[in-house]
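Structure first, then comments.
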Amino acid sequence: MASLPYLAGYSAELQQRVQALLDTGRLGDWLAQRYPESAHPVQTDRALYDYVEALRQRYLRNTSPLSKVLYDNRLDPVQHTLGTNTFVARVQGGKLKSKNEIRVASLFRDAPEDFLRMLVVHELAHLKEKDHNKAFYQLCCHMEPDYHQREFDLRVWLTWQRQGG
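Residue numbers (the UniProt record's numbering): 1 to 165.
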């Protein structure tokens, strides 16, 4: 289905069900029923840093600290970039300095907190596992037990947003 690019990897049956909800105008109601809280308190870059750092401290205490966490309005969900995790290592004098940065698309300011958490968990998992492999997804599920359902629902929400929701 060409009109559902976020759901391209899912079964035709799931895509048809989402398309039917979209065609009848009930997709927004379905999402509102599943995620009734529309706003979350993580609105500033500082609040986002604290939110991400709390999750990192809880689940990934032994990873290197994050130097920067912020909302980025240049990240484009149409290009399938919802968040980024950047690791930069530089030599300064005789020392190797490394920095980890996480950037989250600005549209997550208005998303349900469950979606923000799912994306943050995804980016934090990249601190330990660089590739999307089995260990990566196991780590995501450790931090967010409903990770796969949240990811699917996020893709449905993005589809709804793209259609003008």
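Even for Gly, the Cβ is constructed at its ideal location relative to N, Cα and C.
Nearest-angstrom beta carbon gap, residue j and residue i [assumed within contact, 8 angstroms]
i       : j       : result
Leu-48  : Thr-159 : About 24 angstroms separates the two Cβ atoms, so there is no contact after all.
Tyr-59  : His-142 : 7 angstroms
Asp-110 : Arg-150 : The pair is not a contact, with the Cβ atoms about 17 angstroms apart (cut-off 8 angstroms).
Arg-162 : Glu-144 : 24 angstroms between Cβ atoms; not a contact.
Val-18  : Val-121 : The Cβ separation is near 23 angstroms, so there is no contact.
Helix, strand or coil at residue i [DSSP, three-state]
i       : result
Gln-19  : helix
Gln-33  : helix
Gln-161 : helix
Met-1   : Note that Met-1 has pLDDT 43, beneath the 50 cutoff, so the model's placement of it is unreliable and no number is given.
Same chain, Cβ closer than 7 angstroms to residue i, neighbours up to 5 away in sequence not counted
i       : result
Glu-53  : Leu-66
Ser-64  : Ser-98, Asn-100
Ala-135 : Glu-129
Tyr-35  : Pro-112, Asp-114
Pro-56  : First, the residue type needs correcting, since residue 56 is Arg and not Pro in the sequence shown. Counting only Cβ-Cβ distances below 7 angstroms, and skipping sequence neighbours, we find Thr-63, Leu-66, Leu-124.
Asp-153 : Arg-34
Trp-30  : Leu-21
6 angstroms Cβ shell around residue i - same chain, five flanking residues per side excluded
i       : result
Leu-27  : Leu-21, Trp-160
Tyr-51  : Val-42
Tyr-147 : Cys-140, Cys-141
Val-91  : none
Gly-93  : none
Contacts around residue i, its chain only, beta-carbon distance under 8 angstroms, and the 5 residues preceding and following it disregarded
i      : result
Thr-24 : none
- Message: I'd like the ranges of any alpha helix (DSSP H) spanning at least 4 consecutive residues and lying wholly in the UniProt domain "YgjP-like metallopeptidase" (94-154).
- Response: 113-125, 134-143
- Item | Contained beta strand (DSSP E) runs [length at least 3] in the region 35-85, N- to C-terminal order | 68-72
- Item | contact_flag[the region 103-111, the region 67-74] where n(CB pairs < 8 angstroms) is 3 or more | The region 103-111, when compared against the region 67-74, does touch it at the 8 angstroms Cβ threshold.
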